[in-house]
C-alpha cells in the first residue's frame, strides 16, 4: 500500500496511433499525448485521514477531472473501496502497447495480438456439457506414436499460419509476452502494468491460455477430442524431458534449450542454475520431497496455494503461491538455453511461449491445481473472493473470435470438457525429513569446500542485501506457541519474507531455512529444515516506478514444519536466507511470523 506522501502520477489522456504497414498483425497502440502526465503531491495533517492507511486505488479512482483539480488545490479526495468491486480486467486489445525494454536478443517489435474489428464476446461453455467431446490430456512420456504424429501435425499446422492470424503459433506464443512483460495495463489504470504472475491470477490465467491453445490445435486438424500433453515431471517416469520434444526434425523441437538437459538427464525441480551432484535415485527422492513440500506443507489453505490477492489498482507482483515459485520457476530456467543472452526460450517470460514444451509444462502446473483440490476436498477449495472470480482476460478462440473470459468460467474442468490422464502421485507420501547428523555428514561430502565453509551472517537490521547467507531470530506470536497435541487444531502460522526487491530481468533464487543450525549447507532439497524458496524468472515491466525492480512478498506455511522439527512450543525460530542464484541482486525488507485465520 503506497503512502500519500509519495508522488502520485495522474492517468494520462491517450490518442490512437495506427499500426505500421510494415508490421503485419501489429495492433493499435495507445500513446500518451505530450504533456498529459501531471504530478501531484499529497500530504496529510492531523485533521486529515492518516495517509498511510489510505489505499492508492482510492486515490487513483478519485483523480478524474474534478479529482485532479481538487488535489492540485491541496484537497485530499478519498473514495472508500467497495468490497468485491476491484477485479483486474484486461482492457480492449487496442490498448496493448509495446513490451518494455526486452533484451536486445529478443528481436520483438510487439507482443500484441492482431486487432479485432468486433467487440469481444463473453465466454460461454457448452450449453450441454455431456454432449460435447471430453478431451483427455495424456502424460507426454507415455503417449503413443499415433498421438505424437497427430500432435506434430497440429503444431505444424499452427506454425504454418501467417503471423497476423491470431491462431498462429507466433501469435499464441506472444500471448505470454503481452501479459507478462508490460504490454497491457489493467482496465482503468493506464499507469500500471497488468501482470499475471506472482499473485492469485497465475493459475487461472494459464488455464485460460491452455484452453484456447488446445481448442485451436484441435480445430486445425479437425479433431474436437484432441488434447495437449502434460509433462509429468512430478513422477519418476516423467522426470526427463519428454522424447517427443527432442526430435530435431519435429515442429515440437526448439533449439534454444539447455543442451545438457536432454534425456536421460533428470530434471531438478529445485534447480538454481547449477548442476546438482546427486545420483539419479537421490534426484528422484529430492524431487518427490520438493513436491510434497510445495503441494502439501506450504499449501494448507486456498489463500496460500493460489498466492496473494491482486486487485485493480494494485502494483503487480503481490506475492506468488508455492507452486508458482517451485516447481514452476526452476523448470522454466532448467529448460532455457544458458548460452542465449537472456536464457531464451523457456528461461525468460517474453520468449517462453515460443517453445512447445512450455505448454506441456503449464499443463502439468494446471494439473497440480486439480490434484491439490482432490487431496483434501473439504479444505482445498477455490477462492470465493469476487475480485478473483471476476478477474478477466482476452483470448482469441478457434473461429477466430475475441473472447473475454473470467476466472469463474474456468473453475470446473468438466464444464470445459477436459481432464487429465490418471497417473500416480508418489510425492504424496514423500514428506520431507529432518536432517540427522548422519545425513548431514554424508551430504557434506558432496559439497564444495566453499559451500562447506559458508556460514551465515547475523542480520543486524533490515533491509538487507542478500549477497551471502543471512540469519535472523524471529519471535513467534504468543498465540502460535502450542504443544504437539494442540498443533493439529492450530491456525496457520505463516513466515512472511516481505519487501523482496529484485531486478526483474535477472534469474534469482534464494532458499529459506528454519532452525537449520550452523550447517544449513548440508540440508538437501528434501530436508525438513528447508521451509521454501523464492524464484524470479526474468521478465520486464514498463510502468514500474522503481526502475527494473519488482517488490513482492513470500509467504510460507510453518505448521507442519514446526511439528516435524519439534518446535511447536518455542518462543522463536532461527531463519536463514541463502542466495542460490543472483547473489547480491535481492534485498529483503523484513522477516516476521503471523497467524492466518
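In our numbering, the protein residues as written are 1 to 597.
Ideal placement from N, C-alpha and C gives every residue a C-beta, glycine not left out.
Please report the residue range of the beta strand (DSSP E) in which residue i lies.
| i | result |
| --- | --- |
| residue 115 | Neither: residue 115 is in no beta strand (DSSP E) and is coded neither H nor E. |
| residue 475 | 470-475 |
| residue 558 | Looking at the DSSP string, residue 558 is not in any beta strand (DSSP E), and its letter there is neither H nor E. |
| residue 252 | Careful: residue 252 lies outside any beta strand (DSSP E) and carries neither H nor E. |
| residue 579 | 572-581 |
| residue 536 | 530-536 |
| residue 498 | 492-503 |
Per DSSP, which one or two residues make a beta bridge with residue i?
| i | result |
| --- | --- |
| residue 393 | 405 |
| residue 122 | 404 |
| residue 240 | 266 |
| residue 106 | Paired residue(s): none; residue 106 is not in a bridge. |
| residue 590 | 498 |
| residue 136 | 419 |
| residue 457 | 470 |
| residue 465 | 587 |
| residue 410 | None; residue 410 has no bridge partner. |
| residue 295 | Answer by DSSP bridge pairing: none, since residue 295 is not bridged. |
| residue 230 | 139 |
| residue 433 | 527 |
For residue i, count the other beta carbons within 10 Å of its own beta carbon; 16 or more makes it buried, fewer makes it exposed. Which is it?
| i | result |
| --- | --- |
| residue 584 | exposed |
| residue 410 | buried |
| residue 457 | exposed |
| residue 281 | exposed |
| residue 259 | exposed |
| residue 274 | exposed |
| residue 195 | buried |
| residue 479 | exposed |
| residue 576 | buried |
| residue 387 | buried |
| residue 509 | buried |
| residue 568 | buried |
| residue 579 | buried |
| residue 375 | exposed |
| residue 240 | buried |
| residue 448 | Residue placement at residue 448 cannot be trusted, given a pLDDT of 44 that sits under 50; what the coordinates show is reported in the next sentence. With fewer than 16 other Cβ atoms within 10 Å, it is exposed. |
| residue 324 | buried |
| residue 646 | This structure gives no information on residue 646, because the portion of the chain shown stretches from 1 to 597. |
| residue 95 | buried |
| residue 519 | buried |
| residue 126 | exposed |
| residue 236 | buried |
| residue 45 | Per-residue confidence for residue 45 stands at a pLDDT of 33, beneath the threshold of 50, marking its modelled position as unreliable; the derived number appears in the next sentence. By the 10 Å Cβ count, residue 45 comes out exposed. |
What span of residues does the alpha helix (DSSP H) with residue i cover, start to end?
| i | result |
| --- | --- |
| residue 420 | Here residue 420 belongs to no alpha helix (DSSP H); instead the beta strand (DSSP E) covers 418-420. |
| residue 218 | 202-220 |
| residue 155 | 145-160 |
| residue 291 | 280-292 |
| residue 513 | Element bounds for residue 513: not the alpha helix (DSSP H) but the beta strand (DSSP E), 508-514. |
| residue 179 | 169-180 |
| residue 302 | 302-306 |
Less than 8 Å between the C-beta atoms of residue i and residue j, yes or no?
| i | j | result |
| --- | --- | --- |
| residue 184 | residue 87 | no |
| residue 425 | residue 371 | yes |
| residue 403 | residue 123 | yes |
| residue 215 | residue 398 | yes |
| residue 181 | residue 539 | yes |
| residue 353 | residue 148 | no |
| residue 213 | residue 359 | yes |
| residue 321 | residue 332 | no |
| residue 309 | residue 492 | no |
| residue 154 | residue 220 | yes |
| residue 498 | residue 590 | yes |
| residue 316 | residue 268 | no |
| residue 318 | residue 198 | yes |
| residue 500 | residue 553 | yes |
| residue 476 | residue 593 | yes |
| residue 635 | residue 393 | Because the chain is modelled from 1 through 597, residue 635 falls outside the range shown and cannot be assessed. |
| residue 113 | residue 396 | yes |
| residue 264 | residue 246 | no |
| residue 271 | residue 334 | yes |
| residue 588 | residue 463 | yes |
Would residue i pass as an interface residue toward chain C - the criterion being a Cβ-Cβ separation below 8 Å?
| i | result |
| --- | --- |
| residue 377 | Absent here is chain C; the protein component of the structure consists of one chain. |
Checklist entry - At what residue ranges does the region 314-375 contain a whole run of the alpha helix (DSSP H), taking only runs of 4 or more? => result DSSP runs (the alpha helix (DSSP H)) wholly in the region 314-375: 329-335, 357-375.
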